[in-house]
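Residue numbers (my numbering), protein chains in the order written: chain B, 30 to 322; chain X, 104 to 365.
We treat Cβ as the ideally placed atom computed from N, Cα and C, and that holds for glycine.
Structure record follows, encoded as structure tokens.
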Amino acid sequence: MIRMLFRLENVSYRYPDGTLALDGVSLSFEKGERTALLGPNGCGKTTLLLHLNGILKPTSGKVYFEDKPLEYTSKFLLNLRRRVGFIFQDPNDQLFAPTVRQDVAFGPLNLGQPIDKVKKSVDEALKTVGMSEYADKPPHFLSLGQKKRVALAGVLAMQPEVLVMDEPTSNLDPRASIEILRLLLRLNQEFGLTLILATHDVDMVPLFANKLYIMSKGKIALEGSPEEIFSNTELIRSVNLRSPRITHLFEILRRKNHLPVNKQLPLTIGEARKEILWLLNVKMDKKEKVNSV
Amino acid sequence: MSFSNLCAQIDRCAYTNALAKSNPTTKVFFALLTLILSVSLPSSLVPAIVFLTTTVLLLRFAKIPAHFYLSLLVYPTIIVALSCLIITLFFGYGEPLIEIVLPWFRWTVFKSGVMMGVTTFFRVEGALSCLYFLVLTTSMTDIFITLQRIHIPKILIEMSLLIYRYMFVFMEVAARMYTAQKLRLGYSSWQKRIRSTALIAGNLFIRTLEQGERTFMAMNARGYDGNIRTLDDLPQPRRVSFIGVILFNVILVFVTLLTINL
């Protein structure tokens, strides 16, 4: 049975300067799922995420974690933050310690774990993200992709149940982003980590998410599976986003070239490949029929 | 941005030199004790010995490239030499060494002034080489952990830790701003140069405040409670090397006593 992990009820947040960043957001995140929050820059994704571990407190509305409303006491928050790991967009915000090992150890030490256990968690976390050999290096020796992985290790070392990530692949080269994605998927599949991530990388979403929220101007504009949402091209455009490129291609092929594409447009390269092979087969069948007649 | 380059080079050296893995407590202990003796003992022979010893340690044992070490020494040495020359020529009292008497002017160089100039020069160079020994062989992380072990106030260590880390972040930011300004001719005249530099300074200040806020948030997200805890997994220093350091310093004291008696 899928259990509700987070529930936001009519959450609004106004920054001290008066900007209304969240405007009555209600949504829920389920255990073990991979949810993506997709939206253009400045739509409130980061603000929403910061509510999930109590860094921000809603101006109005309520946040529930496992059906209990968040309490903003240090004891409650410490426990919450142990279970909900948060990875910031810019790893420089997160990596403050003089070496990789020290940085990864920061979380476990804050949990008051004994030194031996801390060392073990640090080593394991670094191994998981493939950064063991950089343990004694200072962060400024690392590339951005490496820094992102260390930031991830810093959170994994606290053994969270949920990973909340703000733009995990932004500014990364294609290879580094695909590595991060694979790593995240592995964490979800092997360790059952719930993943919640904010992004504006449309092409990445279908590879990653099985649940999708589209945000626009501090509100949830759309909600559903990637298949459901990306098949509605008009709606996607109305919130200043687009479909994945491959989906877009098939949509044009259907609309302008009247190709008999499946109603459910492919979202990923893999799906597109199947679709193309299927289309070719159809044609070849027809050709063969023509020849035989 | 040659200053940032230099910092990065020293930092890299501290992590990669041949003594990087030897016990930091011993290195800190050696550098500090020797530094204190070298500036406080009333002898110019002691700082000279210290200078030679640390230089040999740096070049032979830590395998620091000689040209890099020399390039670090050159500028401070020039400045110190000039200051000491002034001390030599204009300070002192008692027994005169040289006296120039002209009808309208009388100038005396005293023996004690020369002594003072020479001693100051050696002391500064000795102290300098001790500090270079420390920063070139010991990574900042190791220094922080050692300072923590000898119970330096936590607030100082935490501040240095953050300064050290974000210094490199902001040097990068500053370098980017500088390039951006330069590409738009921000350094094409003297006035523009002043203005552009001021803009970088002002912008950096605001950036540091913003960065502070974001880092604080990120630390909170990992359970920060006002204490930065560090993982002290360094081995305890070997007693032998400690005794070695003490012996070396005892010798320095003896040298002083001998030279003073002469």
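> Are the segment 247-257 of chain X and the segment 179-189 of chain X touching, with three or more C-beta to C-beta distances below 8 Å?
Replying inline: no
> How big is the Cα-Cα spacing for N323(X) and M33(B)?
Replying inline: Against the second sequence, residue 323(X) aligns to sequence position 220. Against the first sequence, residue 33(B) aligns to sequence position 4. So the alpha carbons of these two residues sit roughly 25 Å apart.
> Can you check whether the CB of L66(B) is closer than 8 Å to the CB of V54(B)?
Replying inline: Along the first sequence, read from residue 1 onward, the residue named residue 54(B) stands at position 25. Along the first sequence, read from residue 1 onward, the residue named residue 66(B) stands at position 37. Not in contact: V54(B) and L66(B) (Cβ atoms no closer than 8 Å).
> How about L265(X): is its C-beta nearer than 8 Å to some C-beta of chain B?
Replying inline: Walking along the second sequence from the start, residue 265(X) turns up at place 162. Closer than 8 Å to some Cβ of chain B, the Cβ of L265(X) qualifies, so yes.
> Along chain X, which residues have their Cβ under 7 Å away from the Cβ of A134(B)?
Replying inline: Your numbering for residue 134(B) matches position 105 in the first sequence. Those are L334, listed as they occur along chain X.
> From this set, K149(B), T223(B), F135(B), which residue's C-alpha is nearest G329(X)'s C-alpha?
Replying inline: For the purposes of this step, residue 329(X) is identified with residue 226 of the second sequence, where counting begins at 1. Nearest of K149(B), T223(B), F135(B) to G329(X), Cα basis: F135(B).
> Is it buried or exposed for L79(B), if we count other Cβ within 10 angstroms and need 16 for buried?
Replying inline: As a first step, residue 79(B) is located in the first sequence; it is residue number 50 there, counting from the start. Classification of L79(B): buried, given that the 10 Å Cβ count is 16 or more.
> Between F237(B) and L296(B), which are expected to be in contact by the criterion C-beta below 8 Å, what is the C-beta distance as a whole number of angstroms?
Replying inline: The sequence position of residue 237(B) within the first sequence is 208, counting from 1. The sequence position of residue 296(B) within the first sequence is 267, counting from 1. Contact doesn't hold; Cβ gap of about 11 Å is too wide.
>> By the DSSP assignment, the alpha helix (DSSP H) with A278(X) in it spans what residues?
In response: Position 175 of the second sequence, counted from the first residue, corresponds to residue 278(X). Residues 257-286.
> How many whole angstroms separate the CB atoms of V153(X) and C233(X), which I take to be in contact at a CB cut-off of 8 Å?
Replying inline: Here residue 153(X) refers to the residue found at position 50 when the second sequence is read from its first residue. Here residue 233(X) refers to the residue found at position 130 when the second sequence is read from its first residue. The Cβ separation is near 7 Å, so the contact holds.
> Span of the beta strand (DSSP E) holding G53(B)?
Replying inline: What you label residue 53(B) is simply residue 24 of the first sequence in a count that begins at 1. It spans 49-59 - the beta strand (DSSP E) in which G53(B) sits, taken as one unbroken run.
> Excluding the five sequence neighbours on either side, which residues of its own chain have a C-beta within less than 8 Å of the C-beta of F164(X), listed in chain order?
Replying inline: Here residue 164(X) is taken as the residue at index 61 of the second sequence, counted from 1. Taken in chain order, the residues that qualify are A121, L122.
>> By the 8 Å beta-carbon criterion, what residues does the segment 244-259 of chain X contribute toward chain B?
In response: T244, F247
> What's the gap between the Cα of S245(B) and the Cα of Q284(X)?
Replying inline: For the purposes of this step, residue 245(B) is taken as the residue at position 216 of the first sequence. For the purposes of this step, residue 284(X) is taken as the residue at position 181 of the second sequence. Going from the Cα of S245(B) to the Cα of Q284(X) covers about 35 Å.
> Is A321(X) close to chain B, meaning its C-beta is less than 8 Å from at least one C-beta of that chain?
Replying inline: Taking the first residue of the second sequence as 1, we reach residue 321(X) at position 218. It does: the Cβ of A321(X) has a partner Cβ on chain B nearer than 8 Å.
>> With H, G and I counted as helix, E and B as strand and the rest as coil, what does DSSP make of T318(X)?
In response: If you number the second sequence from 1, residue 318(X) lands on position 215. T318(X): helix per DSSP, three-state reduction.
> Which chain D residues are close to F115(B), counting only those with a beta carbon under 7 Å from its beta carbon?
Replying inline: Given the protein chain composition of this structure (B and X), no chain D is represented.
> Tell me the DSSP bridge mates of W307(B)?
Replying inline: In the first sequence, the residue the question calls residue 307(B) occupies position 278. Beta-bridge pairing links W307(B) to no other residue.
> What did DSSP end up calling Y163(B) once you bin it into helix, strand or coil?
Replying inline: What you label residue 163(B) is simply residue 134 of the first sequence in a count that begins at 1. Helix.
> Considering only residues of the same chain and omitting the five flanking positions on each side of R332(X), which have a CB-CB separation below 8 Å?
Replying inline: Working through the second sequence from its first residue, we reach residue 332(X) at position 229. Closer than 8 Å at Cβ, skipping near neighbours: no residue.
>> Taking the beta carbon of I281(B) as the centre, do at least 16 other beta carbons fall within 10 Å, making it buried, or is it exposed?
In response: Locating residue 281(B) in the first sequence gives position 252, where the first residue counts as 1. Burial call: exposed.
>> What does the alpha-carbon distance come out to for the pair L140(X) and V159(X)?
In response: Locating residue 140(X) in the second sequence gives position 37, where the first residue counts as 1. Locating residue 159(X) in the second sequence gives position 56, where the first residue counts as 1. Using only the alpha carbons, I get a separation of about 19 Å.
>> Please determine whether the Cβ atom of R310(X) lies at a distance below 7 Å from any heavy atom of the ligand ATP.
In response: Although the ligand ATP was asked about, the structure shown includes no ligands whatsoever.
> Helix, strand or coil: which one does DSSP assign to W210(X)?
Replying inline: Working through the second sequence from its first residue, we reach residue 210(X) at position 107. W210(X): strand per DSSP, three-state reduction.
> When the cut-off is 8 Å and only beta carbons count, does T318(X) lie next to chain B?
Replying inline: Walking along the second sequence from the start, residue 318(X) turns up at place 215. Closer than 8 Å: yes.
> With burial defined as no fewer than 16 other Cβ atoms inside 10 Å of the residue's Cβ, what is the status of I167(X): buried or exposed?
Replying inline: The residue labelled residue 167(X) in the question sits at position 64 within the second sequence. Counting Cβ neighbours within 10 Å, I167(X) comes out buried, since at least 16 surround it.
>> Once DSSP output is grouped into helix, strand and coil, what is the label at N108(X)?
In response: As a working note, residue 108(X) is residue 5 in the second sequence. Three-state DSSP puts N108(X) in a helix.
>> Give me the chain B residues within the contact set of F271(X), using Cβ-Cβ distance strictly less than 7 Å, ordered along the chain.
In response: On the second sequence, residue 271(X) is found 168 positions in, with the first residue counted as 1. The contacting residues are H169.
>> What does the Cβ neighbour count give for M160(B), buried or exposed, with the cut at 16 atoms within 10 Å?
In response: As a position in the first sequence, residue 160(B) is number 131, starting the count at 1. Buried.
>> By the 7 Å beta-carbon criterion, what residues does the segment 273-284 of chain X contribute toward chain B?
In response: none
> Between which two residues does the beta strand (DSSP E) containing G90(B) stretch?
Replying inline: In the first sequence, residue 90(B) corresponds to position 61, counting from 1. G90(B) -> beta strand (DSSP E) spans 89-94.
>> Can you pull out the residues from the segment 175-196 of chain B whose beta carbon lies closer than 8 Å to at least one beta carbon of chain X?
In response: G183, V184, M187
>> Counting C-beta neighbours from all protein chains within 10 Å, is the total for T244(X) 16 or more, i.e. buried, or is it exposed?
In response: The residue you call residue 244(X) lines up with position 141 of the second sequence. It is buried - the Cβ of T244(X) has at least 16 other Cβ atoms within 10 Å.
>> Can you check whether the C-beta of L107(B) is within less than 8 Å of a C-beta belonging to chain X?
In response: Within the first sequence, residue 107(B) is the residue found at index 78, counting from 1. Yes - at least one Cβ of chain X is within 8 Å of the one on L107(B).
> By a C-beta neighbour count over all protein chains shown, 10 Å radius and 16 as the cutoff for buried, is H170(X) buried or exposed?
Replying inline: Walking along the second sequence from the start, residue 170(X) turns up at place 67. Exposed, since its Cβ has fewer than 16 Cβ neighbours within 10 Å.
>> I want to see whether chain B comes within less than 8 Å of Y327(X), judged by CB atoms only; does it?
In response: Your numbering for residue 327(X) matches position 224 in the second sequence. Taking Cβ atoms only, chain B reaches closer than 8 Å to Y327(X), which makes this a yes.
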